[in-house]
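Student: I'd like to ask you about the structure that follows.
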Amino acid sequence: MSGRGRLFSWSVVRRAFIPQLAADVPYVAGVVAIEEDPAVRIVTRIVDCDPASLRADMPVCVVFRPLRFAGVHGEVTAPMFVPA
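Residue numbers (numbering that gives the first Met the number 0): 0 to 83.
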């Protein structure tokens, strides 16, 4: 995979749906259509941008960031996307 795609949809999450994510709000949850097959979509976070600047079909590329949960020891590395 190239790590590139297009922003299909997004939403700014302002309220944590589980207590472990409370420290992360607000954040942008997005759906990215991958470049190799736009029918394949990934639910992910959109990072390093102003949510007001996001537009449907804008190009994005993958970055890997730590994802931590309050009360859980350690972290996992997760694919997230930034505007290209």
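For each residue, glycine too, the CB sits at the ideal point set by N, CA and C.
Out of S1, F7, G2 and M0, state which residue places its alpha-carbon closest to the alpha-carbon of M57.
Tutor: Checking every option, the nearest Cα to that of M57 belongs to F7.
Student: As a quick exercise: from A83, T76 and G70, pick the residue whose alpha carbon is nearest that of A22.
Tutor: The option with the nearest alpha carbon to A22 is G70.
Student: Mind checking whether T76 and F63 have CB atoms under 8 Å apart?
Tutor: Going by C-beta atoms, T76 is nearer than 8 Å to F63.
Student: Can you tell which of R3, R13, V24 and S1 has its C-alpha closest to the C-alpha of V68?
Tutor: First, the amino acid is wrong: residue 68 is Phe here, not Val. Comparing Cα-Cα distances from F68 to each of R3, R13, V24 and S1, the minimum goes to V24.
Student: Using the rule of at least 16 other Cβ atoms within 10 Å of the residue's Cβ for burial, across every protein chain shown, is M79 buried or exposed?
Tutor: Buried, since its Cβ has 16 or more Cβ neighbours within 10 Å.
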